[in-house]
Ligand code: NAD
């Protein structure tokens, strides 16, 4: 399904479109179209077989006007600087739209983590920190997990940083394991946050959640909790989930009459989001082509995998009954597909609003690290719901008042907030 997309070009074209609507002055556009800082470095690792392998690492800091840069680190074999730039840019908008006092950053390593042993992964994580430690920190840039990275990896990275600076510094990485400085509710945060925004969208569209059916692409951290939230929080049904099978090197869509059981599928998924096909088939699931999820008879579709999955071809396959697209993944929709979705009047919860739950609880984690006082899971999720609902309402109200598409409204709220912070800090006075 994925036509080759350049995520940074998408991020820039979305920004350019709204900068025009906001009549932003050209110089301000130029500041925001590009990251403030970019780091590219090589990380040597002694592999288990004795060879020395060198990995390409990145960190991009897009804009820190509203606070320290914030954003995940991806381990992916097709990672590029442009992907990291796009993701860093979207983090700036995400933190702004969620009204979190943080900026936008993102990092990555070009590697397939499933090909590494635990020892090699740890060495690579520590190597990334040794390359970057002078340019990250609780007050300037706070990385977190993303595709291909885990809570355990954040624990190793936090430890490496703490050793280098000579003091325990839990607030330098978020998404750490619970008991190792992590926050309760972090693993549920992005998926549940997606569902809180779906609930608000349904209320606006007068849809009954209990009669709703979702189709989800991706069954990693985000897809799993989106599925649980859709079934348990909203009372709806999940018709199918699609995931990439790293053994067969292709994606499958898993479905079952009456809807999938998210807890069962979670019990047979590995840490990379690959469902055990044989166990699923044995339990009566059907495994069809990986692209089938988008054609499912559903009224909500939730892309929760990678960028560019809803493109000019796949968008035509979306079933007529679909009323809501909740963009759990970052950048799942290409601009051509977006135009079709707009035309077909499907309500979109745009990515950096929809999946802001992860960074929101990452922010809570940092706050708890600073206080050295930890909240209960209920408190974390309650605060998350409150913030996600407020963010949804701010964007939705802007969309209604300016009669613009939800994505454009989200950009308007976010860009206004970042420009205001830059102005208040004097960055636009000419002496920056
Ligand atoms: P993950 O690595 O845990 O899971 C990714 C899932 O996508 C896996 O199940 C994988 O099999 C599946 N996948 C990959 N290619 C696919 C394909 N072609 N067809 C079907 N499935 C495919 O990643 P995640 O943390 O769940 O992140 C998913 C998306 O959400 C990414 O875009 C990420 O940037 C975004 N996101 C994640 C978080 C977070 O807190 N984890 C926060 C905000 C945004």
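Numbering (the working numbering), first residue to last: 1442 to 1873. No residue lacks a Cβ here, since even glycine has one placed at the ideal position from N, Cα and C. Because the structure is a prediction, the values reported are computed rather than measured.
beta-carbon residue i near the ligand NAD non-hydrogen atom, thresh 7 Å
i            : result
residue 1455 : no
residue 1588 : yes
residue 1681 : no
residue 1674 : no
residue 1684 : yes
residue 1662 : yes
residue 1850 : no
residue 1545 : no
residue 1822 : no
residue 1807 : no
residue 1557 : no
residue 1746 : yes
residue 1608 : no
residue 1715 : yes
residue 1412 : For the chain, the structure presents residues 1442 to 1873; residue 1412 sits outside this window and is missing.
residue 1620 : no
residue 1801 : no
residue 1529 : no
residue 1655 : no
residue 1631 : yes
residue 1770 : yes
residue 1692 : yes
Bridge partner(s) assigned by DSSP for residue i
i            : result
residue 1882 : Residue 1882 cannot be examined here, being either before or after the span of the chain that is shown, 1442 to 1873.
residue 1501 : 1479, 1547
residue 1486 : 1494
residue 1537 : Answer is none; residue 1537 lacks a bridge partner.
residue 1775 : For residue 1775, which the question treats as bridged, DSSP gives no partner whatsoever.
residue 1658 : 1683, 1744
Distance, residue j Cα to residue i Cα
i            : j            : result
residue 1869 : residue 1533 : 18 Å
residue 1770 : residue 1585 : 16 Å
residue 1755 : residue 1734 : 10 Å
residue 1500 : residue 1529 : 9 Å
residue 1468 : residue 1861 : 15 Å
residue 1762 : residue 1699 : 18 Å
residue 1548 : residue 1671 : 30 Å
residue 1526 : residue 1744 : 21 Å
residue 1651 : residue 1478 : 47 Å
residue 1444 : residue 1607 : With a pLDDT of 47 at residue 1444, under the threshold of 50, the modelled position of this residue cannot be trusted; read the value that follows with caution. Cα to Cα, the separation comes out at about 47 Å.
residue 1665 : residue 1588 : 14 Å
residue 1857 : residue 1864 : 10 Å
residue 1485 : residue 1537 : 36 Å
residue 1535 : residue 1794 : 6 Å
residue 1782 : residue 1768 : 13 Å
residue 1737 : residue 1482 : 43 Å
| field | Secondary structure, alpha helix (DSSP H): runs of 4+ residues fully inside the stretch 1779-1861 | value | 1792-1795, 1798-1812, 1818-1842
| message | Count Cβ pairs between the stretch 1462-1470 and the stretch 1493-1501 that sit closer than 8 Å; are there 3 or more? | response | no
| field | Touch test, the stretch 1774-1793 against the stretch 1838-1848, Cβ-Cβ under 8 Å, three pairs minimum | value | Segments in contact, yes.
| task | Please specify which runs of the alpha helix (DSSP H), each continuous and at least 4 residues long, are wholly inside the stretch 1539-1612, giving them in chain order. | result | The alpha helix (DSSP H) runs of length 4 or more contained entirely in the stretch 1539-1612 are, from start to end of the chain, 1559-1573, 1592-1606.
| At what residue ranges does the stretch 1712-1761 contain a whole run of the alpha helix (DSSP H), taking only runs of 4 or more? | 1718-1723
| message | With a threshold of 8 Å, are at least 3 pairs of Cβ atoms found where one atom belongs to the stretch 1594-1613 and the other to the stretch 1626-1643? | response | no
| Considering only residues of the stretch 1622-1655, which uninterrupted alpha helix (DSSP H) runs meet the minimum length of 4 residues and lie entirely inside it, listed in chain order? | 1627-1646
| Would you call the stretch 1513-1520 and the stretch 1542-1560 touching, i.e. three or more CB-CB distances under 8 Å? | Yes, they touch.
| Would you say the stretch 1723-1743 touches the stretch 1682-1699, given that touching needs at least three Cβ pairs under 8 Å? | yes
| said: If contact is defined by three or more beta carbon pairs under 8 Å, each pair taking one atom from either stretch, is the stretch 1618-1638 in contact with the stretch 1795-1815? | reply: yes
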